[in-house]
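Working notes, beginning with the structure itself.
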């Protein structure tokens, strides 16, 4: 069964450093998403991406965040200057518009 | 106020019991999703519903659009069903999912 692949599975970074979280969505999907889950809290929407541009973003997705689909297969989330409160599990997902989502297994980001 | 509410928050059961998890939402939706999250953190999609009922193995999901309510049922529960079950809705006109806080299910042998 097709999978969404996320790397790395766990990343530890120092506050103020830039991180890039990587995702390979399912190849024939057109819609891509990033969500995050702070420990003990519910999953929150960050951003959706379609046709090579952001289609929707949440209040969380401020100027410190950016997304890119650099080569037609990878989908990345960049956090420019990490803060302690960015520590969370970050999930990538992809979908065809009228079908269910497929989620990756997540990247656990720890900012120290 | 949360747009998606789940109950109960925690649920324990003996193996073989019939399980029901409830989800209520307050926004107009185009679809409702039931998801499963295991202790390792990964999220697996179980169902996407816009009306009626769906069944997959021992899992059954129903939705009542008029009442803005959905239920997930597990028949003949098994310890491997132990996980967090999450209800999420796609609000009409957007692509994003709005998540509930999840129901932690533990099934004991």
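Residue numbers (our numbering), protein chains in the order written: chain A, 10 to 121; chain B, 311 to 419.
Ideal Cβ positions, reconstructed from N, Cα and C, are used throughout, including at glycine.
Residue pairing of residue 19/A in beta bridges, as defined by DSSP: 117/A. Around residue 357/B, the same chain offers 344, 364 and 371 as residues with beta carbons nearer than 6 Å, after the five sequence neighbours per side are excluded. Residue 108/A counts as exposed, since fewer than 16 other beta carbons sit within 10 angstroms of its beta carbon.
Of 317/B, 401/B and 406/B, the smallest CA-CA separation from residue 382/B is found for 317/B. Within the stretch 19 to 43 of chain A, 40 and 42 place their CB atoms closer than 9 Å to a CB of chain B, listed in sequence order. Residue 38/A is positioned such that its CB atom lies closer than 8 Å to that of residue 104/A. Excluding the 5 residues flanking it on each side, residue 21/A has same chain C-beta neighbours closer than 7 Å at 119 and 121, in chain order.
Taking a cut-off of 8 Å for Cβ pairs, the stretch 325 to 336 of chain B and the stretch 41 to 56 of chain A do not touch, as fewer than three such pairs fall below it. Relative to the Cα of residue 67/A, the nearest Cα in the group 312/B, 315/B, 347/B and 408/B belongs to 408/B. Contact between the stretch 61 to 76 of chain A and the stretch 317 to 328 of chain B is absent: fewer than 3 CB-CB pairs across the two stretches fall below 8 Å. Closer than 9 Å at the C-beta level to chain B, one finds these residues of the stretch 78 to 110 of chain A: 98, 100, 102, 104, 106, 107, 108, 109 and 110. Counting only residues of its own chain and dropping the five nearest sequence neighbours on each side, residue 379/B has a CB closer than 6 Å to the CB of 334.
For residue 343/B, at least one C-beta of chain A is nearer than 8 Å to its own C-beta. Taken through DSSP and simplified to helix, strand or coil, residue 27/A comes out as coil.
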